[in-house]
Structure formats: structure tokens, C-alpha cells
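Going line by line, the protein sequences match chains A and B. Heads up: the first sequence begins at 71 in this note's numbering, then just goes up one per residue. Heads up: the second sequence begins at 5 in this note's numbering, then just goes up one per residue. The beta carbon of each residue, even a glycine, is placed where N, CA and C say it ideally should be. In this text the structure is predicted, and so the values were computed from the model without any measurement.
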Amino acid sequence: MGPFLETLFGGLMVGMLYSLIALGFVLIYKASGVFNFAQGAMVLFAALAMARFAEWIPKYTGLNNKFIDNAIAFVLAALLMVVVAWLIQKLVLGRLVNQDGITLLMATLGITYFLEGSGQALFGNDIYKIDIGMPKDPVFILEKTFQGGLLINKEDLYAAVIAAALVALLALFFQKTATGRALRAVADDHQAAQSIGIPLDRIWVIVWSVAGVVALVAGVIWGSKLGVQFSLSLVALKALPVVILGGLTSIPGAIIGGLLIGVGEKLSEIYLGPHLGGGIEIWFAYVLALAFLLVRPQGLFGEKIIDRV
Amino acid sequence: MNAAAAGVTSTDAAVAATHPAGTTAAAAQPAAEAVRSSRRTGDVVLDVRNISLSFGGVKALTDISFDVREHEIRAIIGPNGAGKSSMLNCINGVYQPQHGSISLRGKTFRHMNSRQVAEMGVARTFQNLALFKGMSVLDNIMTGRNLKMRTNLLQQAIRWGAAEREETAQRRVVEGIIDFLEIQAYRKTPVGKMPYGLQKRVDLGRALAMEPQVLLLDEPMAGMNVEEKQDMSRFILDVNDEFGTTIVLIEHDMSVVMDISDRVVVLDYGKKIGDGTPDEVRASPEVISAYLGTSH
């Protein structure tokens, strides 16, 4: 029982981080029908900005309080992501309104390379550290219940709590505020939303900004875990099976899909790994997504589109 | 229950207050018909001049002109493919006509999108429902108040006092509309799950929430049974009477149009073939031949 629970918790915590990145995809897809291939690049870009700002602030201002430095760096990076969102809307997507989905997808592919390139040009292409004081030491819990207790990675636990809090905040924002209601309206029907006076371009800037800030949080967490480097943009690839599993249009789907993938890959590694020769964690998510595509192409919570014939 | 009842009366008052042009329900009901004919013919609110619209080589509208006067119910009728919806979409800013002008209270609008038209006080409903299906009735109608909201994103996010008060005030108006349309029982129901006729009412409610000066209705009775048509006709007349809203209406069902509208424009193949009171239009040979075919 002990090892099983340990794996389960580990999977849930990693899954929460997958959810966070998947959330970025879902937010933008829901509101604008754009499959944002650039989500991973946004994570990298945001993490690079955060890492370098946190480095530059003490250097140029002489402020040496780590908490304040990090806080300012985070706010600056968030503002930068809002500016990026605004630019993407003004320069690219705003000019492609009513184009085919594939055109928009190609546009975000272009944005991906631009963000990856400009991010490294602006902020450098070494490996950088983000140190927000996450505890690195594992702890044992429930030592009385299980022999040897359960080994929990504190860093993962904190990250999962932060991710969960962010998701909850977003859900509240979407459900309880007037702007959130306008966002949901746009996601449902562009034309109708416009006819009641909801400004589409402003809503899209807000959505991309929110996705940018979500990317920043994901980037900070993953960055402090793995270091900020180019491979961070590949973490987003892990979110693809998550959105296939959960459905591209569902926020709860992104969360539950992330948790399922996180738990699934950890459990399969432990229990199937020995029989299949290990390394399952790397491809398990994709096989699961493939199986889902065959059985439920709209995902667990996605909308089933029934066309009139 | 008492609290709810008190809430209803106060929301009615709120609606009446927000529509200063309208008379109250009590005053309007008894002699509605008499009032309707006497209070008519205000100034021209909406003026459509020489509108031509084509898609590639297809001419959807050719040189259409008509006006809409304050407080009137103006119908646009015509056989299938006559260009009725195209006309409405021009007024609503969905299509940009190649020629001609449309002006609202003397202000000409060219190259405006739907949102800018909405800001000028024109609301619309849709032929094929375009409601926000995943959202509740309340939320759908609340979105119609979007243009009335003044607080910013940040205030809403932290539920600042002003945002909270605004939400409550807007909610009060929306509750009044829900009562007016008699859909209280469906307040929290996702509209996708409601019967078709009621969804049409929600569509109307969302447009009403904008407190429009001009309301465009795109086939409000399409696909309805007789009972639902009667209900909808009653709501349209009530909106017109109580709120004084000017209504432009597209409809297929001739009998309904003739009963509720003050003046009728008839289109056929993108051209105007008739314009006048229901009786005049009904007597016009051109209109008869367009609808029934010529006898020779």
C-alpha cells in the first residue's frame, strides 16, 4: 500500500503541473477557436524573463532582498506577457479574424519560433536558475500508518498547491465576474457576442494575457525544478495528450486530464515498467491519448459536435 | 416567498425607471389598440437609403430605401431568398453594403461592425438561435448588460465595492426582464437544455437587456407552433408598448406580420416591391404576384 500511495501522490502532483500548461491551451481555444501551438514557447519565454529579471534587479538596483526581487521580477514578467499578448492580437490574430483554423494554427506556429528566438536573443541562451525558495528536501508523512512512512517531495507538493490555487482563482474569475461572463459568451458564439456589444479584440487580449500569466506560473514552477533552458518549451508537448484526454473545450477536462496522465504515467512506470523494460513514462501519455482519440475523439469533457446532414 | 414577491415588484419599478420612454404596464394594457394607433408616427429613427449589397456576382439587395419611425413596428417581408436577412445584417453591421447609407437618428454609420452598431443602441435577435448554450438563462441575459458595465477588470477581480454594487444593480434589471418574459422558473437552467420556444424568449431577453432604441428581430417566430407564436406576438407588442422600443421585424408568417406591424416593406429578389400599411401592401398587385404567382 505504501509504495502505491507514494506513486499516486507523485503522479497527482506532476499531473497538476501538466494541467496548468493544458489550461493555457484550453483558455485560448475556448475563447478564440485558435489551437495555440505557441503555449510551450510562451512558457519558455516567460520563464526566461522571470529568471533574468530576478538576476538583473539586485545587480542594477542593489535590492538584495530575495523575496522582493522575485516578486518584482514576477510582476515585470507578467506585465511583459500582457504586452506579448497585446502584440500577438494586434499584429497577428487581429488581422486573421474569420480565417480557417489551419491558418490560425500556422500563425501560432510562426509565433512559436518567434518567441523562442526572440526570448533567447533578449534574455540569453544559457541555462538559468529560478530560485523562489522552493524546499528541495523530501519529507516523510504518515509514518505511523505505514511502515517507513510515505516519501513526499515537498517541492512537488508546493507546486501542486500553487497550481491548484491558480486553477481555482481562474474558475472563480470565469464564473463570478462580468468580464469572465463576457469571456464565456465569446467562447460560445462570436457573432452573438459582438451583436450585444462585447468587444472581441479586447476579450482576446485578456484571454492571451491570462494564458500568458498561466504560462509564467508554469514556467516558474518547471524552471525552478529543471532550470530554465530551451527544453522547457518541450514540456508543453506533454500537455497535448492532456487536452486530447480532457477535451479542448473544457477547463475541468484539462485539470482531470492532467491528473490522469500524471498518475497514469507514474503508475505504469512502476507496475508495467519491469515487464516491458522500463521507460514507459516517456510515451505512456501519448499512447493513452491515441487510444482516447479512437474511442472518444472529443475527449472526456469536450463538446460533441453533431452536424446536421 | 414574500421576499421574492417584494423583489419582483421592486424590479418592475427598476425596469420602468430604466425605460423612461415607456408607459407602465397598467396604463398601457386597457386600451392598447387605441394607444397603438394614436401614439404612432414619431420622427424617423432609422433611415435606409439606396442600399445595394452583392456577394461576388450575386446581387442580394438592389437600391433599397425605407425609413423606420419612432415607436413603430416595421416589418420586412418577402419570399425565401428575397434578401430580408441580408437587409437586417446590413443594419446590424454584419455586412457592409457596397452602396447607400444607413443612419440612426441622423447619424450615418458606414463601415461599422456589430459591436459599434450595438453601442449606438441597436440590438438584435437571431433566426438560428445564437445563444450562449453552455450558460444559464440569467448569465445569457446578463451578458446583454455588458455595455452598461462601468467597472474595470481589476475591480471585478477583487470584487471591489463598486463592482459588487454594479453587479447587483444590473441583476435587478435582468430579473425584471426575466419576469417580463415569464421565464422565472428557468433562471438557472443552461439554455441549451430548454425547449426551442423558450430559447427564442431568452434571445429576446438578451437583446432587451441592452435597452435598445431599435430592436431587430430576425424571424422571431420561425419554427414555432401556434401557441408559441401567439406568446411571442404578445411579447413583441408589450415591448413596443411598455418600453417604447422601435422594432424592425423580419417574418415569414404573413398573418402574424399583418396583425402586429404598423408598416410593412416587401422585398422580392433583392428589390423593394411594396411599402405601406398592412392593408395597402395586401392590396398591392405586385406583392400578390410575388407571393402567389401571376395569373397569366
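Using a CB distance cut-off of 8 Å, Ile268(A) counts as an interface residue toward chain B. Residues are counted here when their Cβ sits less than 7 Å from a Cβ of chain A; for the segment 146-157 of chain B these are Met146, Thr147, Gly148, Asn150, Leu151, Met153, Leu157, given in chain order. Inside the segment 102-151 of chain B, DSSP marks whole alpha helix (DSSP H) runs of 4 or more residues at positions 118-123, 141-147, from first to last along the chain.
If you look at Phe123(A), you'll find it isn't in any beta strand (DSSP E); it sits in the alpha helix (DSSP H) that goes 109-131. Between Val260(B) and Ile240(B), the alpha-carbon positions lie close to 11 Å from each other. At least one beta carbon of chain B lies nearer than 8 Å to the beta carbon of Ile276(A). The alpha-carbon of Thr77(A) is positioned some 19 Å away from that of Val312(A). Residue pairing of Tyr198(A) in beta bridges, as defined by DSSP: Val298(A). For Thr250(B), the uninterrupted beta strand (DSSP E) segment begins and ends at 250-254. Of Phe210(A), Phe362(A), Leu330(A), the smallest CA-CA separation from Val84(A) is found for Leu330(A). When Cβ-Cβ separations below 8 Å define contact, Arg119(B) makes contact with chain A. Contact with chain A is found for Arg210(B), since one of that chain's Cβ atoms lies less than 8 Å from the residue's Cβ. In the three-state scheme derived from DSSP, where H, G and I count as helix and E and B as strand, Ser265(B) is classed as coil. Here Phe130(B) is not near Thr147(B), since their CB atoms are 8 Å or more apart. DSSP lists Leu253(B), Val268(B) as the beta-bridge partner residues of Ala79(B).
For the set Pro205(A), Leu318(A), Val305(A), the Cα lying nearest the Cα of Gly369(A) is the one of Leu318(A). Residue pairing by DSSP places Ile55(B) opposite Ile68(B) in a beta bridge. Residue-level contact by beta carbon fails for Gln368(A) and chain B, as no gap is shorter than 8 Å.
Identification of residues in the segment 233-252 of chain A having a C-beta nearer than 7 Å to some C-beta of chain B yields Phe243, Thr247, Ala248, Thr249, Arg251, Ala252, given in sequence order. For Leu202(B), the CB contacts under 7 Å within the same chain, skipping 5 residues up- and downstream, are Ile187, Tyr190 in chain order. In this chain, Leu346(A) is not harboured by any beta strand (DSSP E); it is covered by the alpha helix (DSSP H) spanning 343-346.
Taking the CA atoms as reference points, Phe243(A) sits about 11 Å from Arg254(A).
Residue-level contact check: Phe59(B) does not touch chain A, since none of the beta carbons of chain A fall below 8 Å from its beta carbon.
In the three-state reduction of the DSSP assignment, Leu150(A) falls in the helix class.
Three or more beta-carbon pairs separated by less than 8 Å link the segment 284-298 of chain A to the segment 137-151 of chain A, which places the two stretches in contact. When only Cα atoms are considered, Asp222(B) and Leu118(A) end up about 52 Å apart. The CB of Ala255(A) comes closer than 9 Å to the CB of Phe136, Met139, Asp143, Asn144, Thr147, Asn150 in chain B, given here in chain order.
DSSP places Val357(A) in the helix class (H, G or I) of the three-state scheme. Interface flag for Gln264(A) against chain B is set, since a Cβ pair is found closer than 8 Å.
For Leu220(B), the enclosing beta strand (DSSP E) covers residues 218-222. Here Met116(B) is near Gly97(B), since their CB atoms are less than 8 Å apart. Cβ atoms of Leu315(A) and Phe362(A) come within 8 Å of each other, at about 5 Å. Leu220(B) places its beta carbon 8 Å or farther from that of Val178(B). Per the C-alpha coordinates, the member of Asp258(A), Leu161(A), Met176(A) positioned closest to Ser140(B) is Asp258(A). Using a Cβ-Cβ cut-off of 7 Å, Asp196(A) is close to nothing in chain B; its nearest Cβ partner there is about 36 Å away. In terms of CA proximity to Phe371(A), Ser320(A) leads the group Phe354(A), Ser320(A), Gln264(A).
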